[in-house]
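Heads up: the structure comes next, in structure tokens.
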Amino acid sequence: MKLRNSMMFTLLLVLMSVVAHAADPAPTAAPPKGLSLLPAAAAEVKKEAAAAKPQSGFRIGYVDMGRVSQESNVGKQAQASVKERKDKLQTRIDARRKQLDKQRAAIEEKLPTMTPKVREAKLKEFQKKVADFQAFGQQADKELQQLQDDLAAGFATSVEKAATDQGVASGVGLVVIRKELLYVDSRVEAVDVTDDVIRRMNEAAAKK
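FYI, in our numbering the residues of the sequence shown are 16 to 223.
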């Protein structure tokens with residue numbers, strides 16, 4: 016009785032499979048009389064499982080640029096250089112601004128006692144100093160921006176070299192920035208290579 020129930024259950028599985036594939040124009044041949052229907056059901060289940068299994072094989076690597084910037088020696092040195100230059104420029108700007116404030120206060124204090132001619136000359140002189148101060152501030156901004164651009168270019172070159180070497184060593188087909196990974200298909204294996212890229216960058220920097 017148990018064997019019969021088992022065969023009936025197996026037959027039900029086969030019938031359900033046939034109904035699910037009714038759209039297939041090829042006719043499904045009935046199994047010969049006297050043979051078990053279990054092998055046919057097992058083959059169908061195996062076929063469906065194989066179709067559902069993701070076909071992996073393509074691997075990509077991704078890099079967290081925030082970590083690379085903060086943790087690599089190249090990134091740390093670049094940030095330190097920018098901060099040092101910025102602080103020096105800011106000190107000079109503050110000193111010149113303070114000097115201008117003193118001169119303005121002195122002129123305003125003496126304005127009531129000045130003749131129109133002297134007042135005009137003093138105001139023109141002060142306006143020229145203000146213009147010089149503004150020009151100095153703009154030049155300081157350009158200087159700092161140029162430093163940042165140069166350091167960023169060197170940093171990018173270092174990252175690219177380390178990522179390329181790591182990609183070749185680990186066998187990934189592509190290395191991208193992590194924030195650009197908006198979607199990764201289940202058939203693609205995404206590998207975090209940030210630690211390896213940082214290590215390679217530090218090793219390369221130590222050799223210079």
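Ideal Cβ placement from N, Cα and C applies to all residues, glycine included.
Determine, using beta carbons only, whether residue i and residue j come nearer to each other than 8 angstroms.
{"i": "G90", "j": "S84", "result": "yes"}
{"i": "F141", "j": "R111", "result": "no"}
{"i": "V78", "j": "A178", "result": "yes"}
{"i": "A159", "j": "K101", "result": "Note on identity: in this sequence residue 159 is Leu, with Ala being the wrong assignment. Yes, they are a contact pair."}
{"i": "A146", "j": "I108", "result": "no"}
{"i": "K137", "j": "M129", "result": "yes"}
{"i": "V191", "j": "F73", "result": "no"}
Considering just the uninterrupted stretch of the alpha helix (DSSP H) at residue i, what are its terminal residues?
{"i": "D200", "result": "Where D200 is concerned, there is no enclosing alpha helix (DSSP H), given that its DSSP letter is neither H nor E."}
{"i": "G152", "result": "P131 to S185"}
{"i": "G76", "result": "No alpha helix (DSSP H) holds G76; the beta strand (DSSP E) holding it covers F73 to V78."}
{"i": "T106", "result": "N88 to K125"}
{"i": "V212", "result": "T209 to A221"}
Assign residue i to buried or exposed, taking buried as 16 or more other Cβ atoms, counted over all protein chains shown, within 10 Å of its Cβ.
{"i": "R215", "result": "buried"}
{"i": "S185", "result": "exposed"}
{"i": "N133", "result": "According to the sequence shown, residue 133 is Val rather than Asn. Exposed: under 16 other Cβ atoms inside 10 Å."}
{"i": "A221", "result": "exposed"}
{"i": "T209", "result": "buried"}
{"i": "V199", "result": "exposed"}
{"i": "A93", "result": "buried"}
{"i": "V174", "result": "buried"}
{"i": "V187", "result": "buried"}
{"i": "K223", "result": "exposed"}
Less than 8 angstroms between the CB atoms is what I'm expecting for residue i and residue j, so what's the real figure, rounded?
{"i": "Q181", "j": "D211", "result": "5 angstroms"}
{"i": "K144", "j": "L189", "result": "About 57 angstroms; that fails the 8 angstroms criterion."}
{"i": "L197", "j": "A205", "result": "Going by Cβ atoms, the distance from L197 to A205 rounds to 12 angstroms, so no, they are not a contact pair."}
Determine, for residue i, whether the minimum Cβ-Cβ distance to residues of chain B falls below 8 angstroms.
{"i": "V133", "result": "Note that chain B does not occur in the displayed structure, where there is just one protein chain."}
Figure out for me which residue from the options has the closest Cα to the Cα of residue i.
{"i": "A219", "options": "S87, V78 and G152", "result": "S87"}
{"i": "A171", "options": "M80, R74 and F73", "result": "M80"}
{"i": "K176", "options": "I213, A121 and T106", "result": "I213"}
{"i": "S96", "options": "Q161, I192 and K137", "result": "Q161"}
{"i": "Q118", "options": "K223, F148 and N217", "result": "F148"}
Quick check on the DSSP output: the beta strand (DSSP E) that includes residue i runs from which residue to which?
{"i": "L189", "result": "L189 to I192"}
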